[in-house]
Structures are given as structure tokens and as C-alpha cells.
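A.B. asks: Pasting in a structure now, in C-alpha cells, and then I'll have a few things to ask.
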Amino acid sequence: MQYLSNSRRIVRSLKPLTLFEANVRFVSHASHVVDSIHRSPSASVFSGMDSLMMLRANFTSEAKQVENPTEAVKELHGKILDSVNVKRSMPPNALLWSLIEKCQNEDDISFLFDVLQNLRRFRLSSLRIHDNFNCNLCREVAKTCVRVGAINHGKRALWKHNVHGLTPSVASAHHLLSYALEQKNANLMDEVMKLLKTNNLPLQPGTADLVFRICHDTDNWDLLAKYSKKFLKAGVKLRKTSFDKWMEFAVKRGDTESLWNVDKLRSETYTQHTLSAAFSCAKGFLLEHKPEEAAAVIQIICQAYPDEKESALEPEFKKLVNEWPVDVIKNQNEEDKKAVAASLRSDIPAMVNALVNSGLRMSVDLNELNKNDALLS
1 MQYLSNSRRI
11 VRSLKPLTLF
21 EANVRFVSHA
31 SHVVDSIHRS
41 PSASVFSGMD
51 SLMMLRANFT
61 SEAKQVENPT
71 EAVKELHGKI
81 LDSVNVKRSM
91 PPNALLWSLI
101 EKCQNEDDIS
111 FLFDVLQNLR
121 RFRLSSLRIH
131 DNFNCNLCRE
141 VAKTCVRVGA
151 INHGKRALWK
161 HNVHGLTPSV
171 ASAHHLLSYA
181 LEQKNANLMD
191 EVMKLLKTNN
201 LPLQPGTADL
211 VFRICHDTDN
221 WDLLAKYSKK
231 FLKAGVKLRK
241 TSFDKWMEFA
251 VKRGDTESLW
261 NVDKLRSETY
271 TQHTLSAAFS
281 CAKGFLLEHK
291 PEEAAAVIQI
301 ICQAYPDEKE
311 SALEPEFKKL
321 VNEWPVDVIK
331 NQNEEDKKAV
341 AASLRSDIPA
351 MVNALVNSGL
361 RMSVDLNELN
371 KNDALLS
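According to the UniProt record's numbering, the stretch in the sequence shown is residues 1 to 377, in order.
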């Protein structure tokens, strides 16, 4: 009983700390610990005292982290808290939307999350509203976190059980995945995908599109193999663009077995190749020393889309001649590199000649092929 009395005195001595506006994260955390002590009198008194001591230490360090909110955000934060905590009335929605719009840095986001927690508490206790905020608001919160670079806060928006009243959604996750794509950050992508699984958020075609692009751009084949299985197992209908990236990645590695397996999966959903997929297949045939079949694939796709595809042919041929050989040779075993280079030096011109003989008009500078160091080594 003496220990319990001591811990309660410590709690009372810490309560004035909640008046500090500078450390909104400390306020939320302190109230959570205090509530848990009162709810669980049978819990370890020493554990409660340890938590409170940690709070004292955290206050000093965390207060320094919330020291540069913008004036507009501080003003809106004050108005909203005054409304719910003093006037005991729900503030106009416009104030919250304005606060979201004016966030410029991570400290602003900390104030935003404190406002959300106070609003949720007020809705629950005074208005008896048990529902979380609607998905549109939560999506904008995640979008704002990404905009200002407060990624850890953004990840908190994906938790199903949270104190801020946020409703997690795949749309919110897509904002974080788009940021991971922009930053070429496969680790962040992996974290977001784990959060989706933990919080039972369904995978969508748009999710796969972002994940496949991130894996491609970060040259992480193993991660793509891992998540492609998860998407297929979940029954997600992959977009054409997802198959494009998957096939492009496989042929860049010189992995024709994976290429044909992916193309078979693609054919079960889409009968017609895209231009990108057709060129990936053509590259696959080149790796198998079949330049005539490579030419036939390109000819078929050009006949299917005679107008739209003509302008896109030139950059695809440039990539095939200038970029792809470098990538594919780089991914070969050392003992196979010379043989693959020699094969491409002869098979690429043979494919181009077959296309010209078929009547296809195109502009390809094969001299660039002879200048390619990867093919000459």
C-alpha cells in the first residue's frame, strides 16, 4: 500500500506537465500510462513506477523534438484543443482540414496527431461516437505525412487499433509506397507491406503495381519473387503494367525461364502483349539464339497497333541496343559473359534485318551496338 501511495503521489506531481504545449507526444503517452495504472490496480507497482520514471527522462529528450511547429499550426492546434477541452464543444471541421493543409514539418504533424487524439477522445466521451474518422480524412493525414517527410507518423496511420481515430486503408498505404518508389527505398516498402498484413488490409492491383516498380528500380529480384507469390495467392488481378515490369526485370537478368513463366501468367488474363511485354519476349528469344522469332513478336505487336506504337518503337529499340545488353551481361556468370556477348552481337543485327525485310520502317543505329563495351569485352 505504501508503494501504491508513493506511485500515486508521483502521478499527481507529473500531471502539471500536461500543460506544456511544446511536447504533445509526451502528454498523450503520460495520460496513457496514468490511465493504465488506475485501470489495473493489480499490476506491478514497480512496473508503473518504472514507466513514470521513463516518462521523466523522455520528457527532456522529446520536448526538444517538438520545438519548431509553424505559427499557423500552433494557432489552429490551440483553437481546437480550447474547443474540446475548455468549451466542451466540437470545433468546426474546417479547422482540422486547415491544420492538415498547413502542416509543413514533422513537428506540425506531431501537433496534428495530438489534435486527432483529443478529438477522438471528445467524440467518444462527450458525443458517444465510437466510429473512427472517415477514410477521406485518414487518407489526407497519410498524404500529408508523406508530403512533409514524417514517414513514421504516416506508418502509424496504417494501424487498425490506434488512439487517433484513424481508419487505415490501402489508399493511405499507397501514399507511403509512392514515397518509397520515389526514394527507391525497398526497406520502407517492405515495412508498409508488413503493416498491411498485420492490420488485415487487402492487397489491390495498385499495390502490386507500386511494389513491382520499387523492386525493379532497386534491382531486388528476390523481393519481387516474394511479393509476386503473395499477390497471386491473394487472388489479385495484376495490371498490364505490373506484368511489364516483372517481365522486363526477368529478361534484364537473363532469366528466360522466369520470363516465360510470367508471360504464361499474363496470357491467362490478357490475350494481347503490350509493347513493353513484346520487347521483353523478343529479348528472351535473342537470349535463346532465335532472332527470327524475336522479329516476329515485334512485327505482330506493330501490326496490332500500327498508329499508336510507331512513335514508341524507336526508344524501345534504343534500349534493346544500348542498355539491355549491358544489364544482361552484367547479370551473367563470369564464364558465360563472352559467349552471351558474342551471341547478342550477331543475333541483334539478324533480328533487325528480319524486321526490315518484313517491311517495318524503323530507325536503329547498329553502329552503337559495335561501340558497346559490354559486347566487346
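From the three backbone atoms N, C-alpha and C, an ideal C-beta is built for every residue, glycine too.
(1) On the premise that PRO205 lies in contact with ARG239, defined as a C-beta separation below 8 Å, what is that separation, rounded to the nearest angstrom?
(2) How far does the alpha helix (DSSP H) with ASN261 in it reach, from first residue to last?
(3) Over the uninterrupted alpha helix (DSSP H) stretch that includes PHE212, give me the two end residues.
(4) Measuring CA to CA, which of VAL192, LYS184, ARG123, PHE122 is closest to HIS153?
(5) Once you ignore the five residues that flank GLN272 on each side, which residues in its own chain have a CB closer than 7 Å to its CB?
(6) Are the beta-carbon atoms of LEU166 and VAL141 separated by less than 8 Å?
(7) State the start and end residues of the unbroken alpha helix (DSSP H) segment that holds TRP221.
(8) Starting from SER242, trace the alpha helix (DSSP H) both ways and give me its first and last residue.
(9) Can you tell me whether SER242 is buried or exposed? The criterion is at least 16 other CB atoms within 10 Å of its CB, across all chains shown.
(10) Using only alpha-carbon positions, find the residue among ASN331, ALA173, CYS302 that is nearest to LEU287.
(11) Between the C-alpha atoms of SER258 and HIS289, what's the straight-line distance to the nearest angstrom?
(12) Going straight from the alpha carbon of VAL236 to that of LEU224, what length do you get?
(13) Between which two residues does the alpha helix (DSSP H) containing LEU76 stretch?
(14) Do the CB positions of MET351 and ALA295 come within less than 8 Å of each other?
(15) What residue does the alpha helix (DSSP H) around HIS273 start on, and which one ends it?
(16) With DSSP run on the structure shown, which of helix, strand or coil describes ASN185?
(17) Rounding to the nearest angstrom, what Cα-Cα distance links SER89 and HIS164 in this structure?
(18) Is it a yes or a no for the segment 109-118 touching the segment 68-86, going by three-plus beta-carbon pairs under 8 Å?
(19) Give me, in chain order, the residues of the same chain whose beta-carbon lies closer than 6 Å to that of SER358; leave out the 5 immediate sequence neighbours on both sides.
(20) Classify PRO315 as buried or exposed, calling it buried when 16 or more other Cβ atoms lie within 10 Å of its own Cβ.
(21) Give me the residue from ARG139, GLU182, ASN372 with the minimum Cα distance to ALA173.
(22) Please state whether DSSP places THR198 in a helix, a strand or coil.
(23) Less than 6 Å between C-beta atoms, sequence neighbours within five positions excluded: which residues of the same chain meet that for CYS215?
(24) Classify THR144 as buried or exposed, calling it buried when 16 or more other Cβ atoms lie within 10 Å of its own Cβ.
C.D. replies: Quick look at the numbers:
(1) Numbered from 1 along the sequence shown, position 239 holds the residue referred to as residue 239. Numbered from 1 along the sequence shown, position 205 holds the residue referred to as residue 205. That belief holds up - the Cβ atoms of ARG239 and PRO205 are roughly 5 Å apart, short of 8 Å.
(2) Position 261 of the sequence shown, counted from the first residue, corresponds to residue 261. Note, ASN261: alpha helix (DSSP H), 256-267.
(3) Indexing the sequence shown from 1 puts residue 212 at position 212. From DSSP, the alpha helix (DSSP H) with PHE212 extends over 205-217.
(4) Here residue 153 refers to the residue found at position 153 when the sequence shown is read from its first residue. Answer by Cα proximity: VAL192.
(5) Along the sequence shown, read from residue 1 onward, the residue named residue 272 stands at position 272. Around GLN272: ALA304.
(6) Within the sequence shown, numbered from 1, the residue matching residue 166 stands at position 166. Within the sequence shown, numbered from 1, the residue matching residue 141 stands at position 141. Yes, they are a contact pair.
(7) Stepping through the sequence shown from its first residue, residue 221 is reached at position 221. Taken as a continuous stretch (DSSP letters only), the alpha helix (DSSP H) holding TRP221 covers 221-233.
(8) As a first step, residue 242 must be located in the sequence shown, where it is residue number 242. Element bounds for SER242: 240-252.
(9) Numbered from 1 along the sequence shown, position 242 holds the residue referred to as residue 242. Buried is the label assigned to SER242, since at least 16 other Cβ atoms lie within 10 Å of its Cβ.
(10) Position 287 of the sequence shown, counting from 1, holds the residue named residue 287. Closest option to LEU287, Cα to Cα, is ASN331.
(11) One-based indexing of the sequence shown puts residue 258 at position 258. One-based indexing of the sequence shown puts residue 289 at position 289. SER258 and HIS289: Cα-Cα distance of roughly 17 Å.
(12) Within the sequence shown, the letter at position 236 stands for residue 236. Within the sequence shown, the letter at position 224 stands for residue 224. Put simply, the backbone Cα of VAL236 is about 15 Å away from that of LEU224.
(13) Numbered from 1 along the sequence shown, position 76 holds the residue referred to as residue 76. Per DSSP, LEU76 belongs to the alpha helix (DSSP H) from 71-81.
(14) As a first step, residue 351 must be located in the sequence shown, where it is residue number 351. As a first step, residue 295 must be located in the sequence shown, where it is residue number 295. Yes. Within cutoff.
(15) Taking the first residue of the sequence shown as position 1, residue 273 is located at position 273. Neither: HIS273 is in no alpha helix (DSSP H) and is coded neither H nor E.
(16) In the sequence shown, residue 185 corresponds to position 185, counting from 1. Reduced to three states, the DSSP call for ASN185 is coil.
(17) Position 89 of the sequence shown, counted from the start, is the residue given in the question as residue 89. Position 164 of the sequence shown, counted from the start, is the residue given in the question as residue 164. Cα to Cα, the separation comes out at about 18 Å.
(18) yes
(19) Translated into the one-based positions of the sequence shown, residue 358 becomes position 358. The residues are GLN299.
(20) The residue you call residue 315 lines up with position 315 of the sequence shown. By the 10 Å Cβ count, PRO315 comes out exposed.
(21) Taking the sequence shown and counting its residues from 1, one reaches residue 173 at position 173. Per the Cα distances, ARG139.
(22) Translated into the one-based positions of the sequence shown, residue 198 becomes position 198. The answer is helix: DSSP assigns THR198 an H, G or I state.
(23) Working through the sequence shown from its first residue, we reach residue 215 at position 215. So the list reads LEU223, LEU224, once near-sequence residues are dropped.
(24) Along the sequence shown, one-based indexing puts residue 144 at 144. Classification for THR144: buried.
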